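Residue numbers for the sequence shown, in my numbering: 1 to 461.
Idealized CB from N, CA, C, for every residue including glycine.
These numbers were taken from a predicted model, which means no experiment stands behind them.
Please read the structure below before turning to the comments.
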Amino acid sequence: MGATAAIAEFIARTSIADFPPASTEKAKKALADTFAVIVAGAGSEVAEPLHKYLDAAQAPGPIPILGTGMTAAPETAALVNGTFGHALDYDDVLSIMPAHPSAVIVAALLASIHGKRVDGRAFIEAYLVGVEVGGNIGIGMTNGHYQRGFHATGTLALFSGLAALAKLHKLDVAAIQQAFGIASSMSSGLRRNFGTMTKPLHTGIAARSALTAFSLAASGFSAAPDVLEAKAGFFSSYGVAESSVDITVKGLGKPYIIVDPGLALKKFPCCYASHRAIDGLLALRGKLACDATNVAKVICRMPPGGMHVLTYPRPVTGLEGKFSLHYPLAAALLDGKCALATFTDEYVQRKEIATLYERIDAAENPACRGDDPLFETRSSGSKGFVEVEIHLSNGKSETMRVDKAPGSPTRELAWNVLHEKFIDCARHSQHIGESRAGQAFDMIQKLDNIKDIAEVTRLLC
Numbered sequence: 001m002g003a004t005a006a007i008a009e010f011i012a013r014t015s016i017a018d019f020p021p022a023s024t025e026k027a028k029k030a031l032a033d034t035f036a037v038i039v040a041g042a043g044s045e046v047a048e049p050l051h052k053y054l055d056a057a058q059a060p061g062p063i064p065i066l067g068t069g070m071t072a073a074p075e076t077a078a079l080v081n082g083t084f085g086h087a088l089d090y091d092d093v094l095s096i097m098p099a100h101p102s103a104v105i106v107a108a109l110l111a112s113i114h115g116k117r118v119d120g121r122a123f124i125e126a127y128l129v130g131v132e133v134g135g136n137i138g139i140g141m142t143n144g145h146y147q148r149g150f151h152a153t154g155t156l157a158l159f160s161g162l163a164a165l166a167k168l169h170k171l172d173v174a175a176i177q178q179a180f181g182i183a184s185s186m187s188s189g190l191r192r193n194f195g196t197m198t199k200p201l202h203t204g205i206a207a208r209s210a211l212t213a214f215s216l217a218a219s220g221f222s223a224a225p226d227v228l229e230a231k232a233g234f235f236s237s238y239g240v241a242e243s244s245v246d247i248t249v250k251g252l253g254k255p256y257i258i259v260d261p262g263l264a265l266k267k268f269p270c271c272y273a274s275h276r277a278i279d280g281l282l283a284l285r286g287k288l289a290c291d292a293t294n295v296a297k298v299i300c301r302m303p304p305g306g307m308h309v310l311t312y313p314r315p316v317t318g319l320e321g322k323f324s325l326h327y328p329l330a331a332a333l334l335d336g337k338c339a340l341a342t343f344t345d346e347y348v349q350r351k352e353i354a355t356l357y358e359r360i361d362a363a364e365n366p367a368c369r370g371d372d373p374l375f376e377t378r379s380s381g382s383k384g385f386v387e388v389e390i391h392l393s394n395g396k397s398e399t400m401r402v403d404k405a406p407g408s409p410t411r412e413l414a415w416n417v418l419h420e421k422f423i424d425c426a427r428h429s430q431h432i433g434e435s436r437a438g439q440a441f442d443m444i445q446k447l448d449n450i451k452d453i454a455e456v457t458r459l460l461c
């Protein structure tokens, strides 16, 4: 059996019962996180141009756009909800891809189920399968795919969304193979667009493409049934010398990715590569009872490659600020937090921030590599370790080492922390009240017992 066929067979035969018992709870946390960030995206910078796009597209339909009172045709809704989900760079991270698969999966699934009653258990099952398939494609491709300049959320999480759709709607093995062939010709996303609105658009395009590929395959449209492994196929075209689709196939369910290595849920609404540094600075700020008035110097040592995507040392927009290391460190020092409001144009352009940059020395340091044998395979936000050192005006100094970011699988966010994030995201949307958001959150906590996922989405529109 070829690799594409083997993956299709896995999608068709795997059920929620095959996953470890902890999987459902982890999936519910990730889904709560994802619904939250999609809703928050309705209040982000991308909302206004997307509203104009919806008006111009003239694609009316029944699928709700979360965080708004708008609806659209399925593929358009998938595009907009997916883009909202990554607009604030607050959605989850699967470092082994490295990508943000959940917003793609949720946006694609929601766009596919109008008029159908889908219970929470089936929704969770589809989500788990999507994470497993996309994650293992990422492992097989290796980090070299990302290093070539591809944004894996657009190029690889597309297959997460497609696998979830195929599972939810019970597509047969042959049709799944065709769907993968179609989707492979839609895979796109370049890292050069980081720090612009087009980065989150990659998520929306991936969700829309997953739905298009699924719908075409279900309608009998044909494509290469061996697209992943074939010469001139996906792995040979998008991969590097080390890429191996055989590794992808052999890794399915061994172990299941949702529990090992697991997803990271973000505590801060910015690029994951900066989270350990922010966490370290905030911890030292609290320990030393210091702030911008009495800190003489901040030194941040990052692992080699740790600043690879943090390309804006002096950002001028909120979006650029999300891909800076110097800015969130300055903001955390000044404000004592990094929240949604931190990454607005107004906050980034504060004069008080500009004066702090000269006190921040951030650079990669070979000593922060550590002794991890898998260092080269890890993403910028998970490789090696980070050191933050603060020097006070009175001569006192202290250093903190951070190995894992808050929200990473070994520092999992508790439900009460997720609840705070959920409510904050609803508030950011400017359209969803705290009461409705709280009800939706409570439902997601018991999603495996909910009879219809529409009960959740109605509260978030």
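State the DSSP-derived secondary structure class of Arg-411, mapped to helix, strand or coil.
In the structure shown, the three-state DSSP call for Arg-411 is helix.
Whole-angstrom C-beta distance between Cys-290 and Ile-390, which should lie under 8 Å:
So it is a contact: roughly 7 Å between Cβ atoms.
From Ala-273 to Gly-220, what distance separates their C-alpha atoms?
The straight-line gap from Cα to Cα measures roughly 42 Å.
Measuring straight from C-alpha to C-alpha, what distance separates Ser-160 and Asp-246?
Cα-Cα distance, rounded: 18 Å.
In angstroms with no decimal places, state the Cα-to-Cα distance between Trp-415 and Ile-423.
Per the coordinates, the alpha-carbon of Trp-415 lies some 12 Å from the alpha-carbon of Ile-423.
Would you call the CB atoms of Lys-267 and Pro-406 closer than 7 Å?
For the pair Lys-267 and Pro-406, the CB atoms are nearer than the 7 Å cut-off.
I'd like the list of long-range same chain contacts for Leu-156, defined as Cβ closer than 7 Å, with 5 residues on each side in sequence excluded.
Here the set comprises Met-97, Ala-99, Gly-134, Ile-137, Gly-138 and Met-141.
Cβ-based burial, Thr-293 [other Cβ within 10 Å; buried from 16]:
Answer is exposed; the Cβ neighbour count stays below 16.
Check whether His-462 and Leu-333 have beta carbons under 7 Å apart
Outside the displayed range of the chain (1 to 461) lies residue 462, so it cannot be described from this structure.
From Glu-125 to Ala-27, what distance separates their C-alpha atoms?
For Glu-125 and Ala-27, the distance between alpha carbons rounds to 9 Å.
Put Asp-403 into one of helix, strand or coil per three-state DSSP.
In the structure shown, Asp-403 sits in coil (DSSP, three-state: anything other than H, G, I, E or B).
Run through DSSP, which three-state label would Glu-229 get?
DSSP places Glu-229 in coil when its eight states are reduced to three.
Which of the three DSSP states, helix, strand or coil, is assigned to Thr-71?
DSSP, reduced to helix, strand and coil, places Thr-71 within a strand of the structure shown.
Buried or exposed: where does Gln-177 fall if 16 or more other Cβ atoms within 10 Å of its Cβ makes it buried?
Around the beta carbon of Gln-177, a 10 Å sphere encloses 16 or more other beta carbons of the protein chains shown; the residue is thus reported as buried.
Element boundaries [alpha helix (DSSP H), containing Ala-12]
Membership of Ala-12 in the alpha helix (DSSP H) is indicated by the continuous run 3 to 13.
Sequence-distant residues of the same chain with beta carbon closer than 6 Å to Tyr-90, five excluded per side:
Excluding residues within five positions, the ones whose Cβ falls inside 6 Å are Val-37, Lys-266 and Pro-269.
Who are the near neighbours of Ile-444 in its chain, counting only those whose CB is closer than 7 Å to its CB and skipping five residues on each side?
Hits under 7 Å: Lys-28, Leu-31, Ala-32, Phe-35 and Val-456.
Let me know the secondary structure DSSP gives Cys-425 once reduced to three states.
The answer is helix: DSSP assigns Cys-425 an H, G or I state.
Pairing CB atoms from the region 72 to 92 with CB atoms from the region 166 to 176, are three or more of them under 8 Å?
No, they do not touch.
Can you tell me whether Arg-117 is buried or exposed, with buried defined as 16 or more other CB within 10 angstroms of its CB?
Exposed is the call here.
Runs of alpha helix (DSSP H) lying entirely within the region 148 to 181, each at least 4 residues, in chain order:
Taking only runs of at least 4 residues, the alpha helix (DSSP H) segments lying wholly in the region 148 to 181 are 152 to 155 and 157 to 168.
Taking three-plus beta-carbon pairs below 8 Å as touching, is the region 203 to 210 in contact with the region 69 to 82?
The region 203 to 210 is in contact with the region 69 to 82.
Classification of Glu-132 by the beta-carbon crowding that lies within 10 angstroms, buried from 16 upward
By the neighbour-count rule (16 or more Cβ atoms within 10 Å), Glu-132 is buried.
Would a C-beta distance cut-off of 7 Å place Gly-181 and His-202 closer than the cut-off?
Result no, Cβ atoms of Gly-181 and His-202 do not sit closer than 7 Å.
Under 6 Å: does the beta carbon of Asp-452 sit that close to some heavy atom of the ligand FMN?
In the structure on display, the ligand FMN does not appear, and there are no ligands present to speak of.
How close, in whole Å, do the beta carbons of His-308 and Ser-380 come, if the pair is a contact with beta carbons under 8 Å?
Sure, about 5 Å apart at Cβ, within 8 Å.
Contact the region 278 to 288 vs the region 38 to 50: 3+ CB pairs below 8 Å:
They do not touch, by the three-pair rule.
Nearest-angstrom Cα distance between Lys-337 and Ala-331?
If you draw a straight line from the Cα of Lys-337 to the Cα of Ala-331, it comes to about 7 Å.
If I follow the unbroken beta strand (DSSP E) through Asp-361, where does it start and stop?
360 to 364 is the span of the beta strand (DSSP E), which, as asked, contains Asp-361.
Look up Val-388 in the DSSP assignment and say whether it is helix, strand or coil.
Of the three classes helix, strand and coil, the one that applies to Val-388 here is strand, per DSSP.
Residue environment, Leu-374, which counts as buried when at least 16 other CB atoms sit within 10 Å
Exposed, because fewer than 16 other Cβ atoms sit within 10 Å of the Cβ of Leu-374.
Ordered along the chain, which non-local residues of its own chain (more than five positions away) have a Cβ less than 7 Å from that of Ala-437?
Same-chain partners within the cutoff: Phe-422, Ile-423 and Ala-426.
Closest by CA to Phe-441, which one among Met-186, Ala-72, Gln-349 and Leu-459?
The residue with the shortest Cα to Cα distance from Phe-441 is Leu-459.
Around the Cβ of Gly-370, are there at least 16 other Cβ atoms within 10 angstroms (buried) or fewer (exposed)?
Burial call: exposed.
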